[in-house]
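Residue numbers (the numbering used here), protein chains in the order written: chain G, 1 to 99; chain L, 1001 to 1413. Beta carbons are placed, not taken as given, at the ideal position from N, Cα and C, and that holds for glycine. None of these values were measured; they are calculated from a predicted model. Have a look at the structure below before the remarks.
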Amino acid sequence: MAKIPALSFFGKTRELLYLQSYIRINDNTSALIENCRQIYECTEVCVRLLTGRFEIEIWGSGLTLSSFSENSVMVRGMIEQVRLVSRSSRRTENDSGKY
Amino acid sequence: MTLGSIDYTVTGSSFSRFFRGLINERMVYSDLKSSEEIVVMTVPFEYSRRFEKMCRKEGYTFERTRFRGMLRLYDMLLHRSGLIAGAVLSALMISYYSNVILTITIDTDDPEIRGKITDVLKEDGVTPGAYIPDIDLVLEERSLKSKIDEVAWAGITRTGSGIAIDVIESIDAEKGFNVGMPCHLVACEDGVIEDIELLDGQLMKCIGSGVTKGDIVVSGKVVSESSEWTSEGEVITRNTRYVRSIGKIRGSFVRTMVFEQPFDCEVKSLTGEKTDLRYLNIFSADIPLFFGLPDGWYETENEERHFPEINGFMLPFGITEIHLNEFDIRSQQLTEKEAFDRTEKQAKDYEKNFLGEYDMLSKDYKKEVTDSGVKLTATYELYGDICQERDFFIPRNIINDSVDLDEGRDDGE
């Protein structure tokens, strides 16, 4: 397991430059994801998005995707599960960049 | 999404390039759902061209499946041209009627002043249907004030598609108090005095004397003399008093009038042709429902106004029908008898209108035929008032002298 530093210089920089991914979830009906870089998949049961450091998986039913401003998407539908997978761990598992 | 949105169905094999394109193009969309081979999404109309261009560039086929919002309305309107025509017509009518006079409200209770104001407005072209921006309301106010004596002040304000005229009526100045002013009774006819009723003034003529126009019959300057014998002889004191002559001076006089009628005259005769004019009335506006007035001369037979009513309340729009009869003016050659009949009618009208206040002692008509017509010379012997009041002014120095005299007399007493 990778060691997480107590104070990450890049992490602080990303925070100050608002380059982190911001996720806001309203009940189980919608989720707004900002700083989204890529859409991998958008089916009725699963939406997979790529942000700066994470791959976000949203599971549920009747999911739809909307975008009203730059680099932000909104997932609507009945959300059951949100999973954040670190891109670094994905690379470690050699399971990225194939979409 | 002011202009509405379009539902698209995009087909392709893999949509990773498509999703990347959405992010790169910063596309705005909603309700995106994808399955194995199709993507369903809604794109605003403003972004639809960019979206379609992106699809073509990335090699995806798309299909417009549905229009939403305003686009749906536009699509519906395209198939209902009547609605568009009605909207355009309404817009044109609104723009037209907001700039023309529909109502003229005159704030006065006096129907005579109202009529005069209406006439002046009509004369100046300020009538229902007139283009309001072309009317200088300040000039019109001045026009009303200068042309109508009864209007002391006038203010015109624009009230939407109408104008409101507020007027302040002039109050007649109190007539000069002339009861105390001295006056003569002056003859206004050449005649003989037969009866005198004198209340004040100095009579200058007696019964039976003849007077001509302008003679002073009763003078307002009353001069009285008193004589007194002293050691130095007779002292005559003359007092002058100025009064207002009051009385009735009746007498008989002769008045001669000449009435003429040419043989050639113009008469108005109806041709039997009838025409109807119809106007659409909206508030005060009379919109003609005909193209051009018919040629010729017409007189109005009657006017019918058809306005719908709801519970006795008349609605401000309807139709006015004016029935016209055509007439022709043609020259007519009168016979001698017809011409004399007309002169006699003129004489009768004159007697009725101007000689009613006199007693007619005798009347004589002398008929004469000239080259172009006939002449009736009427000689009336009348009895009545032959004098009228005529004010005169006393010189200031005389008034001052008389005041001094009065004061001296008071002191003596």
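Express the C-alpha separation of L/G1021 and L/E1058 in angstroms, rounding to a whole number.
It is roughly 8 Å from the alpha-carbon of L/E1058 to the alpha-carbon of L/G1021.
Rounded to a whole number of angstroms, what is the C-alpha to C-alpha distance between L/T1377 and L/N1239?
50 Å
Go to L/T1009, then tell me how far its beta strand (DSSP E) extends in each direction, as first and last residue.
S1005 to T1011
With 16 as the cutoff for other CB atoms within 10 Å, does G/L16 come out buried or exposed?
Within 10 angstroms of the beta-carbon of G/L16 lie fewer than 16 other beta-carbons, which makes it exposed.
For the region 1111-1168 of chain L, list the alpha helix (DSSP H) runs that are entirely contained and at least 4 residues long, ordered along the chain.
1111-1123 and 1137-1147
Please list the segments of the alpha helix (DSSP H) lying wholly inside the region 1048-1115 of chain L, counting only runs of 4 or more residues, in order along the chain.
1070-1078 and 1081-1097
Going by beta carbon distance, what residues of the same chain come within less than 6 Å of L/T1379, once the five residues before and after it are set aside?
Contacts found: T1256 and D1364.
Compile a chain-ordered list of the residues in the region 28-62 of chain G whose CB is closer than 8 Å to at least one CB of chain L.
C36, R37, Q38, I39, Y40, E41, C42, T43 and E44
So, is the C-beta of G/E80 closer than 7 Å to a C-beta in chain L?
no
Whole angstroms are fine: how far does the CA of L/E1351 sit from the CA of L/P1182?
Roughly 34 Å separates the two Cα atoms.
Helix, strand or coil for L/T1271? Go by DSSP, reduced to three states.
strand
Is the beta carbon of L/L1355 sitting closer than 7 Å to the one on L/T1275?
no
Beta-carbon proximity of L/L1071 to L/F1051, cut-off 7 Å:
no
With L/I1104 and L/I1165 assumed to form a contact (beta carbons below 8 Å), what rounded beta-carbon distance in angstroms separates them?
7 Å
Between the C-alpha atoms of G/S96 and L/Y1008, what's the straight-line distance to the nearest angstrom?
Summary for G/S96: the model assigns pLDDT 43, below 50, so the residue's position carries little reliability, and this model does not support an answer.
Would you please state the rounded distance, in angstroms, between the beta carbons of G/I23 and G/I33? I believe it to be under 8 Å.
The beta carbons of G/I23 and G/I33 sit about 5 Å from each other, so the pair counts as a contact at 8 Å.
Where does L/A1347 land, buried or exposed, given buried means 16+ other C-beta within 10 angstroms?
Looking at its Cβ environment, which holds 16 or more other Cβ atoms inside 10 Å, L/A1347 is buried.
Would you grab the beta carbon distance between G/A31 and G/V82 for me? Rounded to a whole angstrom, and I think it's under 8 Å.
Yes, G/A31 and G/V82 are in contact; Cβ-Cβ is about 7 Å, under 8 Å.
Under a three-way DSSP split, which group does L/D1406 fall into?
In this prediction, L/D1406 has a pLDDT of 49, which is less than 50 and means its spatial position is unreliable; what the coordinates show is noted afterwards. It is helical.
For L/K1053, count neighbouring Cβ atoms within 10 angstroms of its own Cβ and tell me buried if that reaches 16, exposed if not.
Around the beta carbon of L/K1053, fewer than 16 other beta carbons sit within 10 angstroms, so the residue counts as exposed.
Residue-level contact to chain G via CB, L/Q1056, 7 Å cutoff
In the sequence under discussion, the amino acid at residue 1056 of chain L is Arg, which differs from the Gln named in the question. No - not a single Cβ of chain G is within 7 Å of the one on L/R1056.
L/R1158 versus L/D1134, L/D1172, L/E1150 and L/V1028, residue with shortest Cα-Cα distance:
L/D1134
Where do the N-terminal and C-terminal ends of the alpha helix (DSSP H) with L/Y1350 fall, by residue?
First-last of the alpha helix (DSSP H) with L/Y1350: E1336 to F1354.
For G/S66, return the contacting residues in chain L, with the cut-off set at a CB-CB distance below 8 Å.
Proximity of chain L to G/S66 at the Cβ level (cut-off 8 Å) is accounted for by Y1029, S1030, D1031 and L1032, in chain order.
Give me the DSSP bridge partner(s) of L/T1237.
DSSP lists L/S1226 as partners of L/T1237.
In DSSP terms, what L/N1024 is bridged to
BP columns for L/N1024 are empty, so no partner.
In its own chain, which residues sit with a C-beta less than 7 Å from the C-beta of L/E1025, not counting the 5 before and 5 after it?
R1050 and M1054
Return no unless some Cβ of chain L is closer than 7 Å to the Cβ of G/E15.
no
Chain-ordered chain G contacts of L/S1035 [CB-CB under 9 Å]
Neighbourhood of L/S1035 in chain G, by CB distance below 9 Å: T43 and E44, in chain order.
Do you know whose CA, among L/D1075, L/K1033 and L/I1038, lies nearest L/L1003's CA?
L/D1075
Using DSSP's beta-bridge definition, name the partner residues of L/G1191.
L/V1211 and L/F1253
Kindly indicate which three-state DSSP category G/E15 falls into: helix, strand or coil?
helix
For G/R37, tell me which candidate among G/C46, G/R76, G/G77 and G/S72 has the shortest Cα-Cα distance.
G/S72
Quick one: grab the DSSP three-state call for G/F68.
strand
Using alpha carbons as the reference points, say which of L/E1299, L/G1373, L/V1043 and L/E1326 lies closest to L/L983.
This structure cannot settle anything about residue 983 of chain L, because the visible part of chain L is limited to 1001 through 1413.
DSSP state of L/D1411, grouped into three classes?
Note that L/D1411 scores 44 on pLDDT, short of 50, meaning its location in the model is unreliable and no value can be drawn from it.
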